[in-house]
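Participant:
Residue numbers (the UniProt record's numbering), protein chains in the order written: chain Y, 1 to 436; chain P, 1 to 436.
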């Protein structure tokens, strides 16, 4: 037996933060400690809960005697630190402190892992301790473990993820109930799926942080958050959704990470997905992550990507894993061990576009438009003309083009040239087509 | 650091079996050994491949010098034994031998784990070694790891799985292309999705073995294969598929494991699934496993459940995990540590039925039928009458009833009584409705 024997004393668990997720995790640690102990093969003990203000948090589920505002001391005495405060500081400093004092760390902090993952991985490795963060990406959906462990003998080529429930809810309502963006957003806010200030969700910032984490795991490399190309859903219109539907697509906000010839790449943008694609069937606030790997082929992981209980489920699974290692030896895969792979510029991505144009209603227009595409080496898969009310208010008709696959830079140049053509009254939208 | 230091020498890997999966695994061990070593944090070395007949397997990818028909000796010198022979013996004896000589084991052998899982878990635990078997359930889909590790801090209530690609292909073709069972089966055979003797698939034996494994993992208990209630798809007709579609359902062969008040239960049978359910969108030979857990809520894992490369992906992921433990210490979760939970009889399951009757076309028939259901405490959710050619050949009309949820025993008694009614010419079928 190479593993260390079970320690005689219970493993000491410190939880930092007693918000929605923290409360669920604390509840489980208090009420299910027997089951958790059986699964770990060693007893666990909640030794304290770090909160900002002990008086204010007095009515939480946790016994008042365990509450402390001295997080640093709490961390120093723990075997496992569970960071559920969110934000960069003081979470980052406390986690580094935890590793220094010999604790393993479980966190749900997506912003922190996306921004400071490599620093934290290295600190974990130096300490010979675990850093688990399943809950940082897509809540209870075990995509981090799948990429870190299950697919560790395979080569991931591409991941397409619906990783933000708010934007999926909004786009799904626009698709299935015919709402416009403003209606769908206000409905999402009424139902609690969107914040009063929805910027982080609708502008794709939340999804971009997850894309950075997924890229690092999928390709065993580093993906700075700043290198993730990002576009939100605010410009997506009901007309875009309708045009996509007519062509057999639904619009989803996708986080896409790809291993291309030019390097690895991560981007977030609204995307047309074929209705037959498994991601097209992901409705409401659900999340799903679609993985394409050399040997495994196509895999999809689906579930609730947010909420107190689903996030707590992921955190508790990580606590069991970290505790098993503390009790029996062992270490989570070291993410810092891998070499840096070049990051390809966003302009080097290859994709397809659905371009919606308002054009003059006269002969020769399609020839002019087709020539502009051909000049940039972009070929056309399908073209349709529509007489829409919106186009008529601009004194033209709508022309919808779906291109074949081409370089993003060439597609961008094509769209810019189309906007300059005298036959083109307006470029209504240009949306990427993915998952084909 | 509680974990053992990295060993100085490469980890010795022995592969038993050089069939479709074995060849893929051997290829990866030979050509990707550098990448695998980086992910493990230690070098690995393929030390031999056990085959029945060295001369016959000479043209395989593996160097002839590594081929041996002496599997026992090969096992005795290995750090990790990868069992890809299939069948119960000699696989079982060789795996027990591997644990005795201090090796960890990775296997794709579903029949063996379903029949002898507890014995093997115990042998692994006694030896302080790992037993990994991701590939035994649903190929590359990491459902074993999800249940064993990711959900280890949650309570799984129910799992519904499409775990047999052959039957999903057949039922999907009947649904989408209107084929009858014989046509769909022969198409599946032509395309290589079904064996010349399709019994193990179409009679649900393959799915039952997977159900036994899933139940054991989901509920941390033992589920003998003999306790899995099993019904195949051979009795499903085109008329059943059409009637289901009219009511908003598709028919899938589901492996269902449930934690009920009467105990845990595992069963395999054709099931009506609502078209809006994520499992309804699983087409062709794909597999998917839908998990309902207390905290995580609904999760689904989707992908290719068979084939050389997808199965090899799962095996390689397990090899990396087992090798990491050999190199750095640590141990996979011990499945033998859990107590036995009572197993509920199949008759105690609660489900709903779609009952298709051919009844006499005269007044009072519905009253007679409704009374029979009410007498057994079974209430009706929907009832439709159809004038079908098939019913007409029996001199009646078709009556399709969907019941509310009731005890299986009461539903069985209801169907038996319906068959005896003078108004009922024939019970055409009675299929369970699941996923609602």
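Backbone N, C-alpha and C fix where the C-beta goes; we use that ideal spot for every residue, glycine too.
Name, going along the chain, the residues of the segment 137-158 of chain P whose beta-carbon falls closer than 7 Å to a beta-carbon of chain Y.
Facilitator: Result list: 140, 141, 142, 145, 146, 149, 150, 151, 152, 153 and 154.
Participant: Please confirm if residue 319 of chain Y has its CB atom under 8 Å from at least one CB of chain P.
Facilitator: Yes, its Cβ sits closer than 8 Å to a Cβ of chain P.
Participant: In chain Y, what lies closer than 8 Å to residue 134 of chain P by C-beta?
Facilitator: Near residue 134 of chain P (Cβ distances below 8 Å), the residues of chain Y are 150.
Participant: In this structure, how does DSSP classify residue 45 of chain Y when only helix, strand and coil are distinguished?
Facilitator: Note: residue 45 of chain Y maps to strand in three-state DSSP.
Participant: Any C-beta of chain Y within less than 9 Å: which residues of the segment 282-304 of chain P qualify?
Facilitator: For the segment 282-304 of chain P, which is checked against every Cβ of chain Y, the residues closer than 9 Å are 282, 283, 286, 288, 290, 291, 293, 294, 295, 296, 297, 298, 299, 300, 301, 302, 303 and 304.
Participant: Counting only Cβ pairs nearer than 7 Å, list the residues of chain P close to residue 334 of chain Y.
Facilitator: Residues of chain P passing the Cβ test: 41.
Participant: Checking 8 Å against the spacing of the C-beta atoms, do residue 44 of chain Y and residue 15 of chain Y come in under that value?
Facilitator: No.
Participant: Using a cut-off of 9 Å between C-beta atoms, extract the partners of residue 9 of chain Y located in chain P.
Facilitator: Within 9 Å Cβ-Cβ: nothing; residue 9 of chain Y doesn't reach chain P, min ~14 Å.
Participant: Output the distance between the C-alpha atoms of residue 327 of chain Y and residue 21 of chain P, rounded to the nearest integer angstrom.
Facilitator: Taking the straight line joining both Cα atoms gives about 35 Å.
Participant: Enumerate in chain order the residues of its own chain whose CB-to-CB distance from residue 405 of chain P is below 6 Å, with the five nearest sequence positions on each side excluded.
Facilitator: Excluding positions up to five away in sequence, the list reads 350 and 352.
Participant: Using a threshold of 8 Å, state whether the C-beta atoms of residue 427 of chain P and residue 355 of chain P are closer than that.
Facilitator: Going by C-beta atoms, residue 427 of chain P is nearer than 8 Å to residue 355 of chain P.
Participant: I'd like to know if residue 28 of chain Y contacts chain P, where contact means its C-beta is closer than 8 Å to some C-beta of that chain.
Facilitator: Yes, its Cβ sits closer than 8 Å to a Cβ of chain P.
Participant: Taking beta-carbon pairs under 7 Å, can you tell me which members of the segment 261-283 of chain P lie near chain Y?
Facilitator: Answer in chain order: 278 and 281.
Participant: Determine, using beta carbons only, whether residue 108 of chain P and residue 146 of chain P come nearer to each other than 8 Å.
Facilitator: Not in contact: residue 108 of chain P and residue 146 of chain P (Cβ atoms no closer than 8 Å).
Participant: Can you list the residues of chain P that residue 325 of chain Y reaches, using a CB-CB cut of under 7 Å?
Facilitator: What residue 325 of chain Y touches in chain P: 330.
Participant: Going by alpha carbons, who is nearest to residue 246 of chain P out of P/301, P/91, P/386 and P/429?
Facilitator: Ranking P/301, P/91, P/386 and P/429 by Cα distance to residue 246 of chain P puts P/386 first.
Participant: Using a Cβ-Cβ cut-off of 7 Å (strictly less than) and excluding sequence neighbours within five positions of residue 228 of chain Y, which residues of its own chain qualify?
Facilitator: Cβ within range, chain order: 208, 211, 212, 266, 267 and 268.
Participant: Which of helix, strand or coil does DSSP assign to residue 20 of chain P?
Facilitator: Residue 20 of chain P falls in the helix class under three-state DSSP.
Participant: Only counting the same chain, and skipping five residues up and downstream in sequence, which positions put a Cβ closer than 6 Å to that of residue 302 of chain Y?
Facilitator: Here the set comprises 288.
Participant: Going along the chain, which residues of its own chain have a beta-carbon closer than 6 Å to the beta-carbon of residue 17 of chain Y, five neighbours each way excluded?
Facilitator: If we look at residue 17 of chain Y and ignore the five residues flanking it on each side, its Cβ neighbours are 84 and 85.
Participant: Identify every residue that forms a DSSP beta bridge with residue 217 of chain Y.
Facilitator: DSSP lists no partner for residue 217 of chain Y.
Participant: Per the DSSP calculation, residue 287 of chain Y is bridged to which residue(s)?
Facilitator: Bridge partners of residue 287 of chain Y: Y/303.
Participant: Could you tell me whether the Cβ of residue 118 of chain Y comes closer than 8 Å to any Cβ of chain P?
Facilitator: No, its Cβ sits nowhere closer than 8 Å to a Cβ of chain P.
Participant: Which same chain residues end up closer than 7 Å to residue 322 of chain P when comparing Cβ atoms and leaving out the 5 residues on each side of it in sequence?
Facilitator: Contacts found: 80, 104, 106, 130 and 132.
Participant: Excluding five sequence neighbours on each side, which residues of the same chain lie with their C-beta closer than 8 Å to the C-beta of residue 174 of chain P?
Facilitator: Correct list, in chain order: 180, 181, 184, 236, 238, 241 and 251.
Participant: By the DSSP assignment, the beta strand (DSSP E) with residue 161 of chain Y in it spans what residues?
Facilitator: Residues 156-162.
Participant: Please look up how many angstroms separate the CB atoms of residue 279 of chain P and residue 160 of chain P, rounded, as I've assumed it's under 8 Å.
Facilitator: Indeed, because the Cβ distance is near 6 Å, the residues count as touching under 8 Å.
Participant: What residue range is occupied by the uninterrupted alpha helix (DSSP H) comprising residue 328 of chain P?
Facilitator: First-last of the alpha helix (DSSP H) with residue 328 of chain P: 308-328.
Participant: Chain Y beta carbons: is any one of them nearer than 8 Å to that of residue 437 of chain P?
Facilitator: Absent from the structure is residue 437 of chain P, since the part of chain P shown begins at 1 and ends at 436.
Participant: Taking all protein chains shown into account, do 16 or more other C-beta atoms lie within 10 angstroms of the C-beta of residue 39 of chain P, making it buried, or fewer, making it exposed?
Facilitator: Result: buried.
Participant: If distances are taken between C-alpha atoms only, which option among P/90, P/64, P/162 and P/100 comes closest to residue 71 of chain P?
Facilitator: For residue 71 of chain P, the nearest C-alpha among the options comes from P/90.
Participant: With DSSP run on the structure shown, which of helix, strand or coil describes residue 274 of chain P?
Facilitator: Three-state result, residue 274 of chain P: strand.
Participant: Less than 8 Å between the C-beta atoms of residue 193 of chain P and residue 165 of chain P, yes or no?
Facilitator: Yes. Within cutoff.
Participant: Considering only their Cβ atoms, is the gap separating residue 291 of chain Y from residue 436 of chain Y smaller than 8 Å?
Facilitator: Taking 8 Å as the Cβ cut-off, residue 436 of chain Y and residue 291 of chain Y do not qualify as a contacting pair.
Participant: From the beta carbon of residue 316 of chain P, is the nearest beta carbon of chain Y less than 8 Å away?
Facilitator: Residue 316 of chain P counts as touching chain Y.
Participant: Assign residue 199 of chain Y to buried or exposed, taking buried as 16 or more other Cβ atoms, counted over all protein chains shown, within 10 Å of its Cβ.
Facilitator: Classification of residue 199 of chain Y: exposed, given that the 10 Å Cβ count is below 16.
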